Structures are given as structure tokens and as C-alpha cells.
Amino acid sequence: MIRNALDHGVMIDIEVTSGIITAILPATGGFHAGDVDAEGDEVLPGLWDEHVHIRSWAQMRSRANLLPADDSDAVVEILRKHPTDGVEPIVGHGLRWALWTSPPRISALDAVSATRPVVAFSMDVHSVWVNSVAAREFDVVDIAGDSGILVEHDAFRILSRMSDIDTDTMDDLVAEAFAAAKAQGVVGITSLEMESLTDWDRRIAKGIDLIQVRASLYPERIHEAFERGLRTGDSLGGRVEMGFLKVITDGSINTRTAYMHAPYEGENSTGVLNTEVTELERLVREATDHGVTAALHAIGDKANTVVIDTFEKVGVAGRIEHAQMVLPEDVQRMARLGLTASIQPAHAVDDRDVAEQLWGDRVSYAYPMKSFLDAGVNLILGSDAPVAPLDPWHTIEMATARTADGRPAWHPEEALTRGQAIKASARTTIDVGQPADLIFVGPDGVIPFE
Ligand SMILES: [Zn+2]
């Protein structure tokens, strides 16, 4: 029995049997041996981060934070000061070069180190800035050129090379990231990392199971789920379930590769479609036949149109990851088709200046959140860690405040209430019959219910 928990201003007792809520009663003030005393803390459903690149995040927690840097010199300054062991590459994350007045030069990063690889990932990991040593080591000297900037597939390739550390070390980092997440009230994540199911088999065997995981696969490895007959939601063992088929359909705004109906402001480019329409449809159809739900990355307005068309054509519901710029009529179609918008509120706040510059007036329908709810679209929230921190309270704050730097809220009409943001960050509710995935929030911080 949980005693003295605060729920919407009312003190309640919650009876839990075998991990399920079996009764909710007005608090009696009584207490028996074996009871948990919530001491008046607010009880909330445990939080989910619905979009996590868990390996990248686990590694990133030790990398230099480049978010505060708004020019080349500032990046160099942060990387120079970042404590490292003197042997390993110097790695930063959170690079934002889209708005720099002078373009990145490889020589600037060579000044950080002429003997060790220096690698600076953009927030969205769709681009990376490398020094000459790193360019040689990754065999991309020609592509890196004078700028040292690599985008899209070349950036992903470097990310996966950098992630290629010893398996046990990586698992330890994942376990640490799980512990940190749990301490913040996270009970589960949807992992959209480029991994194999065998990575999760191994972690399950090691008992790395502090939180629930929905393990997703990319097209190259989706056959693993098909071969095992795993449908979305089926257990892999431990606390890990089969997640989704993740397909990247377009790029990102910061690299001007998000796929748009009309060109970027002052440019001819409309971005890129990474997966052909026919291939996208084939993938979604095949996943559907095997009971696997698709989670399709779409950022630009045309990418979202393409993805919605695909779900409509196949006749199945699924998730759109990011859904950053969605035509108002497409928001309505998403509701009609029962699609889920998997949104990262921190992106709206982090991208506001870039979005205004590159999308102009079109930002009036960019980064919708409230519009999704109003239309009846299923809304779920996440961080896209490592793009934003795996911290649901940061996610909730960005969803409600839509500002992070003291400026007025950006398009406050799209802000959520705290209650809406929490609901979109949870898979359970505080009701009889629901799993007791509960957390307590009080003056001492967040305490997960065990
Ligand atoms: Zn992502």
C-alpha cells in the first residue's frame, strides 16, 4: 500500500498488488508495516522518453557540450578546455553552424589538436565537423575539404565509427545512463539506436534492466524481428520489448536537408528525400505484414506529406518521428488515420532562430504540439537524446514554456499545459488496473516507486 500521495490536490492511498494498481482510496492517514509512505509527495505516472538513441546518449554524457557556442572560436575554446585522458579523440556535441557569419574551417579545429582526432557533432548528428587528423583517420579527407564539415551519410558513418567502442564498455555506459534516467523518474524509453536485437539480448543477460525499453530496428536489420516472429510490443526478455521499424525519410533543418514542398528561404534547394517513396511503401507494408509498427522520421512539410500518404496507402497507423513541419491539412489527416506524432519539444526551442531564417513565414505551422492535441492526434514526447538531454523534466519544461533563454515563448499558442505534457510523456495512468509505474515528486526530487 502506498500512503499519503498527492494526486491532483487530493491525498490518496494506492493499493498495489503484483505491480498492478488494485485500489485507489482517500488517504486514511493510517500506516502499516510494509507500506510505502509518500509523505505528501505528488504521485505521477512514470515517464517515458519516446525517442532515444541510447548508445549515442550513453557515450555523449562524457562529451563536450557545444550548445552554448555560437561561433567557430567558441567551439574551439570549449573543445580546448574539455578534460580528456590525453589519448582519446576530443569529441564535442551540439554544434550549430547554420547561422555562423563565417563558415567553418578545418584549420580552426586543427588548432585544437594537431595530433589527436577532433570531432564535433551537430545537435541532430546530421552533420559533423572534423579536424585533419580525424579526416585522415576516417578516410574522408576529400569530402571534408577546407571546411571539415561532413553531412548526412558521411556524418552517420563517422558517428557509427565513433560508437564502435568495446561492447562491455558500451554496456557499462548504457547501464549508467539507465540509472541516471531512472533517478529522474524515467520508467521506459523507446530506443531508436542503429543496433541489433542481439545487443539487447546481451544487455538482458547482463541484467541491465533498470528501465523498460522498446528496442527498434532500421531497415538493414528489421529481418531480425521477422525471423524471430517478434511483433511490436512482444517481449525480448527482461524488460525489453520489440519496438518499431525506424526509417529515415528526410534530413534535418540545421543541415537544410529536411524535405520541403517549397525551397528554403532564399535558396533553390527543397532538401532531400533519403528513402524513395516506393521503397518507403514497401518497407511499411512488409513491417505491417509482420506485425511491426513503423516509426518514420519526417521533418520537412513534404516529408510529412509523403509519410502520411504512405501510411494511408498501406492502410495502417504508425508513428511519425519529429513531425516538425506539418501542413495544417496534414495534421487533420494524421488524426483521421490514427497516426501518432512523436515530438521533441526541445527541438522547437533550440531551432527557433534557424527555423525562422530557413523557413520564413512557414514557421506558423512548424513545431506543432497543441495543434496535434486539438485535432485529436495521439501525441507523445521525447528528447531525441543525444540531440537534447534524456531528461523528461527538460522535455516537459520546453513543451510548456517554449523558451529556454529568457526570450518570450516562441509561438506560445502551441505550448502544452503541464498536465498535457505529462500525459504525453507517460504510457500509464493512475487508475485501477494500470501498471504501478509510479513516481513521487516532492521537495527531495523524484523518487521512483519500487
Ligand atoms: Zn532521432
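Residue 298 in our numbering sits at position 311 of the sequence shown, with consecutive numbering throughout.
The beta carbon of each residue, even a glycine, is placed where N, CA and C say it ideally should be.
All figures in this text were calculated on a predicted structure; none of them were measured in a lab.
The Cβ neighbour count for S147, taken over all protein chains shown within 10 Å, is under 16; the residue is labelled exposed. Runs of the alpha helix (DSSP H) lying entirely within the region 285 to 344 and spanning at least 4 residues, in chain order: 288 to 301, 315 to 324 and 332 to 337. If you check the CB distance, N261 and E182 do not come in under 9 angstroms. Excluding its 5 nearest sequence neighbours in each direction, L345 has C-beta neighbours in its own chain below 7 angstroms: I240, R243, Y251 and E252, listed in chain order.
Counting along the chain, the unbroken alpha helix (DSSP H) around P379 starts and ends at P379 to A388. By the Cβ-count criterion, F125 is buried, with 16 or more other Cβ atoms from all chains shown falling within 10 Å of its own Cβ. No heavy atom of ligand 1 is found nearer than 8 angstroms to the CB of D57.
For V374, the CB falls within less than 8 angstroms of some heavy atom of ligand 1.
One thing to note: W35 has its Cβ no nearer than 9 angstroms to the Cβ of I191. Taking 8 angstroms as the cut-off, one finds no heavy atom of ligand 1 near enough to the beta carbon of E182.
Excluding five sequence positions before and after R414, the CB atoms of its chain that fall closer than 6 angstroms to its own CB belong to W35, given in chain order. 9 angstroms or more divides the Cβ of G27 from the Cβ of G406. One alpha carbon belongs to G363, the other to A322, and they sit about 5 angstroms apart.
Take the alpha-carbon of Y205 and the one of L217: they are about 15 angstroms apart. When the five nearest sequence neighbours on each side are left out, the beta carbons in the same chain lying within less than 7 angstroms of the beta carbon of A333 are those of S370, A375, H381, T382 and M385, in order along the chain. Ranked by Cα distance from L377, the first of A167, N118 and H113 is A167. Taking non-hydrogen atoms of ligand 1 into account, the C-beta of H284 is found less than 8 angstroms away from one of them. The Cβ-Cβ distance between I295 and L324 falls below 9 angstroms. Per DSSP, the unbroken alpha helix (DSSP H) holding A95 starts and ends at I93 to D97.
Judged by their CB atoms, G420 and I130 are not nearer to each other than the 9 angstroms cut-off.
In this structure the region 195 to 211 does not touch the region 68 to 83; the number of beta carbon pairs closer than 8 angstroms is below three.
In the same chain as L54, and ignoring 5 residues on each side of it, the C-beta atoms closer than 6 angstroms to its own belong to G81, in chain order. For the pair V63 and I286, the Cα-to-Cα distance works out to about 30 angstroms. As summarised for the region -2 to 76, the continuous beta strand (DSSP E) elements at least 3 residues long and confined to that stretch are 7 to 13, 29 to 32 and 34 to 39, given in chain order. Closer than 8 angstroms to some heavy atom of ligand 1: that describes the Cβ of H38.
S178 and A25 have their C-alpha atoms some 31 angstroms from each other. By the Cβ neighbour-count rule, P379 is buried, with 16 or more other Cβ atoms within 10 Å of its own. Inclusion of A164 and F108 in the CB contact set at 9 angstroms is not warranted, their separation being larger than that value. In the structure shown, G230 adopts extended strand secondary structure according to DSSP, grouped into three states.
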